[in-house]
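Trainee: Below you will find the structure I want to go over with you.
Protein chains: 2
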Amino acid sequence: MRQSSFNNMGCPIAGALEHFGDWWSLLIMRDALDGFTRFDEFQENLGIAPNILTRRLKSLTDAGLLERRQYSERPARYEYLLTESGRDLGPVIVALYLWGIKHTDLDHHSVVLVDQDSGAEIEPVYVDRRSGRPLREIRAVFAAGRAATDQMRRRHGPETKAALRDRALRSGAAAL
Amino acid sequence: MRQSSFNNMGCPIAGALEHFGDWWSLLIMRDALDGFTRFDEFQENLGIAPNILTRRLKSLTDAGLLERRQYSERPARYEYLLTESGRDLGPVIVALYLWGIKHTDLDHHSVVLVDQDSGAEIEPVYVDRRSGRPLREIRAVFAAGRAATDQMRRRHGPETKAALRDRALRSGAAAL
Numbered sequence: 263m264r265q266s267s268f269n270n271m272g273c274p275i276a277g278a279l280e281h282f283g284d285w286w287s288l289l290i291m292r293d294a295l296d297g298f299t300r301f302d303e304f305q306e307n308l309g310i311a312p313n314i315l316t317r318r319l320k321s322l323t324d325a326g327l328l329e330r331r332q333y334s335e336r337p338a339r340y341e342y343l344l345t346e347s348g349r350d351l352g353p354v355i356v357a358l359y360l361w362g363i364k365h366t367d368l369d370h371h372s373v374v375l376v377d378q379d380s381g382a383e384i385e386p387v388y389v390d391r392r393s394g395r396p397l398r399e400i401r402a403v404f405a406a407g408r409a410a411t412d413q414m415r416r417r418h419g420p421e422t423k424a425a426l427r428d429r430a431l432r433s434g435a436a437a438l
Numbered sequence: 263m264r265q266s267s268f269n270n271m272g273c274p275i276a277g278a279l280e281h282f283g284d285w286w287s288l289l290i291m292r293d294a295l296d297g298f299t300r301f302d303e304f305q306e307n308l309g310i311a312p313n314i315l316t317r318r319l320k321s322l323t324d325a326g327l328l329e330r331r332q333y334s335e336r337p338a339r340y341e342y343l344l345t346e347s348g349r350d351l352g353p354v355i356v357a358l359y360l361w362g363i364k365h366t367d368l369d370h371h372s373v374v375l376v377d378q379d380s381g382a383e384i385e386p387v388y389v390d391r392r393s394g395r396p397l398r399e400i401r402a403v404f405a406a407g408r409a410a411t412d413q414m415r416r417r418h419g420p421e422t423k424a425a426l427r428d429r430a431l432r433s434g435a436a437a438l
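Residue numbers (the numbering used here), protein chains in the order written: chain G, 263 to 438; chain A, 263 to 438.
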């Protein structure tokens, strides 16, 4: 293995994953985004062992996704509140939710995303902010930006892209 | 721990995570969505040990996210192509990318999402398909659907939501 950490891949996706630790952490963030803040609630919702939960909460706090705050002096009790970067995980949870209701064997109507004010169901779809076009209608590809690492430049360089596109055409599979 | 699997939580997000196995699997899917299909390419991009990569590719294939196909007879060589459910992971990767360029210490311009046809940069934003309103302007919450499990019904019931909302108001933190 060339690296023990995702951090030096130069990739924002790997960098993001680096922050979460494991799936439990993402489920804790799902709970936090749903408004839960307390140890007992996370434990009840997740059915997670207390020592694992303690470790995960500490690592999420260290990573700046949650903020620990005392809400009772006697007995001393703490709650875990979302930071801005924690709140920005919302779209990741939404994207996982959309994949989950489509591709797991859970009933499509088990959990729905609604507008809290009107109660209307929400159907999230990614669009390009400027053109308003849905992402699935755009041939969207990642490209090396001007601050790309060498690895990312190789990965996303025009030669690599062209070769992959040719291969996709030959094999009948569409690229992203 | 009450359950050894995320599958019986009745939650589409947990169900989705169940499918991926671990972070390596998501990074392999990132590569597949970028158009890479071959063992050597995944290994080169990820710097992953061959035995781990073999195991991950097998589990992604078993989970129906990738399809294994022979592309050379002599020597026998296989490529891994996206299935429909694999392709539907695109928004998860996009959401992780957006979080990563905002909240990791990678340069914002390391990797950019572009329209392959025009070269224009794309700024993905989640909107509600029907109203066109950006999700971040809607007070979006998950709610128990009509096919919710008991656990999800408790979690997302009106009493729980009301209690969490009150607490968020008292503590000055906004709910999702």
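Think of the CB as a built atom: it goes at the ideal place given N, C-alpha and C, for glycine as much as any other residue.
Please tell me whether Y359 of chain G and Y388 of chain A are closer than 8 Å, where the distance is taken between their beta carbons.
Mentor: Position 97 of the first sequence holds residue 359 of chain G. Position 126 of the second sequence holds residue 388 of chain A. No, the Cβ-Cβ distance between Y359 of chain G and Y388 of chain A is not below 8 Å.
Trainee: Can you give me the Cβ contacts of G348 of chain G inside the same chain, cut-off strictly under 7 Å, excluding the 5 residues immediately before and after it?
Mentor: By one-based count along the first sequence, residue 348 of chain G stands at place 86. Cβ within range, chain order: M291, A294, L327, L328.
Trainee: CA-CA distance, G394 of chain G and I363 of chain A?
Mentor: Here residue 394 of chain G corresponds to residue number 132 of the first sequence, with the count starting at 1. Here residue 363 of chain A corresponds to residue number 101 of the second sequence, with the count starting at 1. Each residue's Cα considered, the two are about 21 Å apart.
Trainee: Which value, in whole angstroms, describes the spacing of the CA atoms of R331 of chain A and R417 of chain A?
Mentor: To locate residue 331 of chain A, count along the second sequence from 1; it is residue 69. To locate residue 417 of chain A, count along the second sequence from 1; it is residue 155. Their Cα atoms are separated by approximately 43 Å.
Trainee: Please state if the CB of D390 of chain A and the CB of I384 of chain A are separated by a distance shorter than 8 Å.
Mentor: Against the second sequence, residue 384 of chain A aligns to sequence position 122. Against the second sequence, residue 390 of chain A aligns to sequence position 128. In this structure, D390 of chain A does not lie closer than 8 Å to I384 of chain A by Cβ.
Trainee: Tell me which residues share the same chain as N270 of chain A and place their Cβ nearer than 6 Å to its Cβ, disregarding the 5 neighbours each side in the sequence.
Mentor: For the purposes of this step, residue 270 of chain A is identified with residue 8 of the second sequence, where counting begins at 1. Here the set comprises nothing.
Trainee: Between I290 of chain A and chain G, is there a C-beta pair that is closer than 8 Å?
Mentor: As a working mapping, residue 290 of chain A is identified with position 28 in the second sequence. Taking Cβ atoms only, chain G never reaches closer than 8 Å to I290 of chain A, which makes this a no.
Trainee: Between which residues of its own chain and A382 of chain A is the CB-CB distance below 7 Å, once the five residues before and five after are set aside?
Mentor: If you number the second sequence from 1, residue 382 of chain A lands on position 120. Cβ within range, chain order: V376.
Trainee: Taking only the alpha-carbon atoms, compute the straight-line gap between L315 of chain A and A430 of chain G and give it to the nearest angstrom.
Mentor: Stepping through the second sequence from its first residue, residue 315 of chain A is reached at position 53. Stepping through the first sequence from its first residue, residue 430 of chain G is reached at position 168. For L315 of chain A and A430 of chain G, the distance between alpha carbons rounds to 22 Å.
Trainee: How big is the Cα-Cα spacing for P420 of chain A and Y340 of chain A?
Mentor: For the purposes of this step, residue 420 of chain A is identified with residue 158 of the second sequence, where counting begins at 1. For the purposes of this step, residue 340 of chain A is identified with residue 78 of the second sequence, where counting begins at 1. Answer to the nearest angstrom: the Cα atoms are 51 Å apart.
Trainee: Using a Cβ-Cβ cut-off of 8 Å, state whether E399 of chain A counts as contacting chain G.
Mentor: By 1-based counting over the second sequence, the position of residue 399 of chain A is 137. For E399 of chain A, the answer is no, since every Cβ of chain G falls outside 8 Å of its Cβ.
Trainee: Pull up the CB-CB distance for P274 of chain A and L368 of chain G, whole angstroms please, since I reckon it's below 8 Å.
Mentor: Translated into the one-based positions of the second sequence, residue 274 of chain A becomes position 12. Translated into the one-based positions of the first sequence, residue 368 of chain G becomes position 106. That pair is a contact at about 5 Å.
Trainee: Using a Cβ-Cβ cutoff of less than 6 Å, which residues in the same chain neighbour D412 of chain A once the five nearest sequence positions on both sides are dropped?
Mentor: Along the second sequence, one-based indexing puts residue 412 of chain A at 150. The answer is none, since no qualifying residue turns up.
Trainee: Taking only beta-carbon positions, decide if A276 of chain A is within less than 8 Å of chain G.
Mentor: On the second sequence, position 14 is the one that residue 276 of chain A refers to. Using a CB distance cut-off of 8 Å, A276 of chain A counts as an interface residue toward chain G.
Trainee: I need the straight-line Cα distance from R415 of chain G to D428 of chain G, nearest angstrom please.
Mentor: As a position in the first sequence, residue 415 of chain G is number 153, starting the count at 1. As a position in the first sequence, residue 428 of chain G is number 166, starting the count at 1. When rounded, the distance between both Cα atoms is 19 Å.
Trainee: So that I know if they touch, is there some Cβ in chain G lying closer than 8 Å to that of Q332 of chain A?
Mentor: By 1-based counting over the second sequence, the position of residue 332 of chain A is 70. Residue-level contact by beta carbon fails for Q332 of chain A and chain G, as no gap is shorter than 8 Å.
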